[in-house]
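Numbering (my numbering), first residue to last: 7 to 254.
Data first, discussion second: the structure below is written as C-alpha coordinates.
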(Lines of atoms letter the chains of each structure in order from A and count residues from 1; the text may use other names and numbers.)
(Lines give C-alpha, C1' and ligand atoms only; values in the text may rest on other atoms or scores of the structure.)
Protein backbone atom coordinates (compact mmCIF):
# COMPACT_ATOMS: atom_id res chain seq x y z
CA UNK A 1 0.00 0.00 0.00
CA UNK A 2 1.35 3.41 -0.97
CA UNK A 3 2.00 6.05 1.66
CA UNK A 4 -0.61 8.79 1.89
CA UNK A 5 1.01 12.20 1.45
CA UNK A 6 -0.30 15.29 3.19
CA UNK A 7 0.44 18.82 1.99
CA UNK A 8 -1.24 22.10 2.84
CA UNK A 9 -1.93 25.74 2.18
CA UNK A 10 -2.65 28.24 4.91
CA UNK A 11 -4.37 31.57 4.26
CA UNK A 12 -4.02 34.08 7.06
CA UNK A 13 -3.51 37.76 7.87
CA UNK A 14 -1.35 39.54 10.39
CA UNK A 15 -4.23 39.69 12.89
CA UNK A 16 -5.25 36.03 12.43
CA UNK A 17 -8.88 36.90 11.76
CA UNK A 18 -9.73 33.75 9.78
CA UNK A 19 -11.11 30.53 11.27
CA UNK A 20 -13.42 27.64 10.35
CA UNK A 21 -16.41 29.80 11.21
CA UNK A 22 -15.02 33.08 9.89
CA UNK A 23 -13.45 31.85 6.68
CA UNK A 24 -13.47 32.55 2.99
CA UNK A 25 -16.67 32.25 0.97
CA UNK A 26 -17.28 28.72 -0.30
CA UNK A 27 -17.72 29.83 -3.90
CA UNK A 28 -14.27 31.43 -3.92
CA UNK A 29 -12.63 28.39 -2.33
CA UNK A 30 -14.32 26.10 -4.88
CA UNK A 31 -12.74 28.02 -7.78
CA UNK A 32 -9.38 28.12 -6.00
CA UNK A 33 -9.39 24.36 -5.44
CA UNK A 34 -10.31 23.67 -9.06
CA UNK A 35 -7.57 25.93 -10.42
CA UNK A 36 -5.00 24.48 -8.00
CA UNK A 37 -5.93 20.93 -9.00
CA UNK A 38 -5.63 21.79 -12.70
CA UNK A 39 -2.16 23.23 -12.05
CA UNK A 40 -0.82 20.17 -10.19
CA UNK A 41 -2.68 17.18 -11.67
CA UNK A 42 -0.66 14.37 -13.25
CA UNK A 43 -3.36 12.62 -15.32
CA UNK A 44 -2.52 9.33 -13.55
CA UNK A 45 -6.04 8.93 -12.21
CA UNK A 46 -4.93 9.11 -8.57
CA UNK A 47 -7.27 11.28 -6.56
CA UNK A 48 -6.36 14.12 -4.23
CA UNK A 49 -8.77 14.93 -1.41
CA UNK A 50 -9.41 17.93 0.82
CA UNK A 51 -9.00 16.43 4.27
CA UNK A 52 -9.95 19.27 6.58
CA UNK A 53 -10.00 22.98 7.34
CA UNK A 54 -8.20 23.65 10.58
CA UNK A 55 -6.47 26.02 12.98
CA UNK A 56 -6.77 29.65 13.99
CA UNK A 57 -6.41 30.57 10.33
CA UNK A 58 -7.75 29.10 7.10
CA UNK A 59 -5.58 26.02 6.58
CA UNK A 60 -6.51 23.44 3.95
CA UNK A 61 -4.97 19.96 4.13
CA UNK A 62 -4.71 17.81 1.00
CA UNK A 63 -4.09 14.07 0.83
CA UNK A 64 -2.91 11.91 -2.08
CA UNK A 65 -0.81 8.85 -2.90
CA UNK A 66 0.53 10.57 -6.02
CA UNK A 67 4.13 11.65 -5.32
CA UNK A 68 4.28 13.59 -8.58
CA UNK A 69 1.17 15.58 -7.68
CA UNK A 70 2.81 16.55 -4.39
CA UNK A 71 5.98 17.57 -6.23
CA UNK A 72 3.93 19.64 -8.69
CA UNK A 73 2.24 21.37 -5.73
CA UNK A 74 5.66 22.40 -4.41
CA UNK A 75 6.89 23.55 -7.84
CA UNK A 76 3.76 25.58 -8.59
CA UNK A 77 3.95 27.56 -5.34
CA UNK A 78 7.68 28.17 -5.70
CA UNK A 79 7.03 29.39 -9.23
CA UNK A 80 4.33 31.80 -8.04
CA UNK A 81 6.71 33.12 -5.39
CA UNK A 82 9.77 33.54 -7.61
CA UNK A 83 8.71 33.83 -11.26
CA UNK A 84 7.41 36.75 -13.25
CA UNK A 85 3.90 36.18 -14.57
CA UNK A 86 5.08 35.74 -18.15
CA UNK A 87 7.26 32.77 -17.12
CA UNK A 88 4.37 30.84 -15.55
CA UNK A 89 2.52 28.07 -17.36
CA UNK A 90 -1.03 28.89 -18.44
CA UNK A 91 -2.62 26.86 -15.64
CA UNK A 92 -0.27 28.41 -13.10
CA UNK A 93 -1.29 31.86 -14.31
CA UNK A 94 -4.97 30.97 -13.91
CA UNK A 95 -4.40 29.71 -10.36
CA UNK A 96 -2.35 32.82 -9.58
CA UNK A 97 -5.13 35.11 -10.82
CA UNK A 98 -7.74 33.35 -8.66
CA UNK A 99 -5.45 33.36 -5.64
CA UNK A 100 -4.66 37.04 -6.10
CA UNK A 101 -8.38 37.83 -6.03
CA UNK A 102 -8.73 36.02 -2.70
CA UNK A 103 -5.62 37.40 -1.02
CA UNK A 104 -6.08 41.02 -2.07
CA UNK A 105 -3.89 43.33 -0.01
CA UNK A 106 -4.86 41.82 3.34
CA UNK A 107 -4.12 38.09 3.33
CA UNK A 108 -1.11 35.92 2.56
CA UNK A 109 -0.77 32.24 1.69
CA UNK A 110 1.83 29.77 2.91
CA UNK A 111 2.36 26.41 1.20
CA UNK A 112 3.71 23.38 3.09
CA UNK A 113 5.14 20.15 1.67
CA UNK A 114 4.70 16.57 2.88
CA UNK A 115 7.21 17.10 5.70
CA UNK A 116 5.38 20.17 6.98
CA UNK A 117 8.14 22.48 5.76
CA UNK A 118 7.15 25.86 4.35
CA UNK A 119 7.98 25.99 0.63
CA UNK A 120 6.53 29.38 -0.33
CA UNK A 121 4.87 32.47 1.13
CA UNK A 122 2.73 34.62 -1.15
CA UNK A 123 1.60 38.06 0.00
CA UNK A 124 -0.49 40.17 -2.40
CA UNK A 125 0.94 37.81 -5.05
CA UNK A 126 3.52 40.20 -6.47
CA UNK A 127 4.39 37.78 -9.25
CA UNK A 128 5.34 40.52 -11.71
CA UNK A 129 8.46 41.51 -9.75
CA UNK A 130 11.80 40.47 -11.23
CA UNK A 131 13.93 38.25 -9.00
CA UNK A 132 17.72 38.19 -8.86
CA UNK A 133 19.18 35.80 -11.38
CA UNK A 134 22.17 34.85 -13.48
CA UNK A 135 22.61 33.04 -16.81
CA UNK A 136 24.42 29.93 -17.97
CA UNK A 137 24.54 27.80 -21.12
CA UNK A 138 23.49 24.18 -20.87
CA UNK A 139 22.92 21.18 -23.14
CA UNK A 140 19.72 19.26 -22.43
CA UNK A 141 18.09 16.29 -24.11
CA UNK A 142 14.40 15.59 -24.47
CA UNK A 143 11.24 15.66 -26.55
CA UNK A 144 9.59 18.89 -27.68
CA UNK A 145 6.28 18.28 -25.90
CA UNK A 146 4.39 21.58 -25.76
CA UNK A 147 4.16 24.82 -27.73
CA UNK A 148 2.45 28.08 -26.94
CA UNK A 149 2.12 31.85 -27.18
CA UNK A 150 -0.42 34.19 -25.60
CA UNK A 151 -1.13 35.97 -28.87
CA UNK A 152 0.17 36.32 -32.40
CA UNK A 153 2.40 39.15 -31.19
CA UNK A 154 3.67 37.32 -28.10
CA UNK A 155 7.06 35.62 -28.11
CA UNK A 156 6.53 31.88 -28.69
CA UNK A 157 7.81 29.29 -26.24
CA UNK A 158 8.10 25.54 -25.93
CA UNK A 159 8.39 22.97 -23.18
CA UNK A 160 10.67 19.94 -23.17
CA UNK A 161 9.36 16.76 -21.58
CA UNK A 162 10.56 16.46 -18.00
CA UNK A 163 11.46 20.15 -17.62
CA UNK A 164 9.19 22.61 -15.83
CA UNK A 165 10.31 25.93 -17.33
CA UNK A 166 9.44 27.83 -20.50
CA UNK A 167 11.96 27.92 -23.31
CA UNK A 168 11.57 30.99 -25.52
CA UNK A 169 12.18 30.65 -29.26
CA UNK A 170 12.33 32.99 -32.24
CA UNK A 171 10.17 32.82 -35.37
CA UNK A 172 12.75 30.90 -37.40
CA UNK A 173 13.19 28.31 -34.63
CA UNK A 174 9.42 28.07 -34.36
CA UNK A 175 9.17 26.96 -37.99
CA UNK A 176 12.16 24.60 -37.77
CA UNK A 177 10.86 22.86 -34.64
CA UNK A 178 7.35 22.08 -35.89
CA UNK A 179 8.26 18.82 -37.71
CA UNK A 180 9.73 17.45 -34.46
CA UNK A 181 6.73 18.07 -32.19
CA UNK A 182 6.38 14.95 -29.99
CA UNK A 183 8.23 12.83 -32.57
CA UNK A 184 12.01 13.01 -31.97
CA UNK A 185 14.36 13.18 -29.05
CA UNK A 186 16.34 16.37 -29.56
CA UNK A 187 19.49 17.96 -28.24
CA UNK A 188 18.93 21.56 -27.14
CA UNK A 189 21.50 24.20 -26.27
CA UNK A 190 19.86 26.66 -23.89
CA UNK A 191 20.70 29.98 -22.30
CA UNK A 192 19.16 29.43 -18.88
CA UNK A 193 17.94 32.13 -16.50
CA UNK A 194 18.65 30.85 -12.97
CA UNK A 195 17.43 32.10 -9.60
CA UNK A 196 20.17 33.18 -7.22
CA UNK A 197 17.85 32.30 -4.32
CA UNK A 198 17.72 28.54 -4.77
CA UNK A 199 19.35 27.75 -8.11
CA UNK A 200 16.24 26.66 -9.99
CA UNK A 201 15.80 27.51 -13.67
CA UNK A 202 13.26 30.31 -14.17
CA UNK A 203 13.15 30.19 -17.96
CA UNK A 204 15.47 29.75 -20.92
CA UNK A 205 16.14 30.84 -24.48
CA UNK A 206 16.85 28.34 -27.23
CA UNK A 207 20.23 28.86 -28.86
CA UNK A 208 20.13 25.87 -31.19
CA UNK A 209 18.82 22.33 -31.45
CA UNK A 210 19.61 19.10 -33.29
CA UNK A 211 17.50 15.97 -33.87
CA UNK A 212 19.48 13.11 -32.35
CA UNK A 213 18.19 10.68 -34.95
CA UNK A 214 20.26 12.54 -37.57
CA UNK A 215 23.52 11.85 -35.74
CA UNK A 216 25.52 8.65 -35.48
CA UNK A 217 27.07 7.60 -32.19
CA UNK A 218 30.55 9.00 -32.93
CA UNK A 219 29.12 12.39 -33.93
CA UNK A 220 27.11 12.55 -30.70
CA UNK A 221 30.21 11.83 -28.61
CA UNK A 222 32.33 14.35 -30.55
CA UNK A 223 29.69 17.02 -29.96
CA UNK A 224 29.96 16.79 -26.17
CA UNK A 225 31.92 19.39 -24.24
CA UNK A 226 34.13 18.58 -21.22
CA UNK A 227 31.26 18.93 -18.76
CA UNK A 228 28.97 16.61 -20.67
CA UNK A 229 31.71 14.04 -21.29
CA UNK A 230 31.31 13.14 -17.61
CA UNK A 231 28.29 11.08 -18.63
CA UNK A 232 30.73 8.52 -20.08
CA UNK A 233 32.64 8.09 -16.81
CA UNK A 234 30.89 4.89 -15.72
CA UNK A 235 30.40 3.21 -19.12
CA UNK A 236 30.95 -0.56 -18.93
CA UNK A 237 29.42 -1.82 -22.17
CA UNK A 238 28.03 -0.46 -25.44
CA UNK A 239 24.42 -0.49 -24.22
CA UNK A 240 25.39 1.90 -21.43
CA UNK A 241 26.47 4.46 -24.03
CA UNK A 242 23.07 4.36 -25.69
CA UNK A 243 21.30 4.74 -22.34
CA UNK A 244 23.48 7.69 -21.38
CA UNK A 245 22.95 9.54 -24.64
CA UNK A 246 19.34 8.73 -25.37
CA UNK A 247 17.83 7.64 -22.05
CA UNK A 248 16.45 4.28 -20.95
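Where is the CB? At the ideal position from N, CA and C, for every residue including glycine.
A quick note: this is a predicted structure, and the numbers were derived from the prediction, not measured.
Terminal residues of the continuous alpha helix (DSSP H) containing residue i?
{"i": "residue 107", "result": "96 to 109"}
{"i": "residue 180", "result": "177 to 183"}
Is it buried or exposed, residue i, if we count other Cβ atoms within 10 angstroms and call 16 or more buried?
{"i": "residue 209", "result": "buried"}
{"i": "residue 83", "result": "buried"}
{"i": "residue 56", "result": "exposed"}
{"i": "residue 50", "result": "exposed"}
{"i": "residue 5", "result": "Because the chain is modelled from 7 through 254, residue 5 falls outside the range shown and cannot be assessed."}
{"i": "residue 316", "result": "The requested residue 316 is not part of the displayed model; the chain covers only 7 to 254."}
{"i": "residue 172", "result": "buried"}
{"i": "residue 124", "result": "exposed"}
{"i": "residue 87", "result": "buried"}
Below 8 angstroms CB to CB, which residues in the same chain sit around residue i once its five sequence neighbours on both sides are set aside?
{"i": "residue 179", "result": "212, 215"}
{"i": "residue 143", "result": "195, 196, 197, 198, 213"}
{"i": "residue 48", "result": "72, 74, 75, 78"}
{"i": "residue 200", "result": "139, 140, 141, 142, 206, 207, 208"}
{"i": "residue 188", "result": "149, 150, 151"}
Leaving aside the five residues before and after residue i along the sequence, list all residues of the same chain whose C-beta is less than 6 angstroms from its C-beta, in chain order.
{"i": "residue 29", "result": "64"}
{"i": "residue 162", "result": "155, 175, 180"}
{"i": "residue 167", "result": "148, 149, 151"}
{"i": "residue 8", "result": "71"}
For the beta strand (DSSP E) that residue i lies in, which residues bound it at each end?
{"i": "residue 216", "result": "207 to 217"}
{"i": "residue 147", "result": "139 to 154"}
{"i": "residue 124", "result": "124 to 129"}
{"i": "residue 163", "result": "163 to 166"}
{"i": "residue 174", "result": "172 to 174"}
{"i": "residue 186", "result": "No beta strand (DSSP E) holds residue 186; DSSP gives it neither H nor E."}
Using a Cβ-Cβ cut-off of 7 angstroms (strictly less than) and excluding sequence neighbours within five positions of residue i, which residues of its own chain qualify?
{"i": "residue 85", "result": "94, 98"}
{"i": "residue 170", "result": "81"}
{"i": "residue 202", "result": "138, 139, 140"}
{"i": "residue 38", "result": "104, 105, 108"}
Inset, instruction - Report yes or no: do the region 115 to 133 and the region 8 to 16 share at least 3 C-beta pairs separated by less than 8 angstroms? - result: yes
Inset, instruction - Tell me the start and end of each unbroken beta strand (DSSP E) in the region 14 to 101 that is at least 3 residues and wholly inside, in chain order. - result: Runs of the beta strand (DSSP E) lying entirely within the region 14 to 101 and spanning at least 3 residues, in chain order: 54 to 60, 64 to 70.
Legend entry - Touching by the beta-carbon criterion (3+ pairs, under 8 angstroms), the region 30 to 45 and the region 96 to 105: yes
Legend entry - Contact between the region 140 to 155 and the region 183 to 194 (3+ Cβ pairs under 8 angstroms): yes
Inset, instruction - Evaluate the contact criterion for the region 104 to 112 versus the region 29 to 39: three or more CB pairs, one atom per stretch, below 8 angstroms. - result: They touch, by the three-pair rule.
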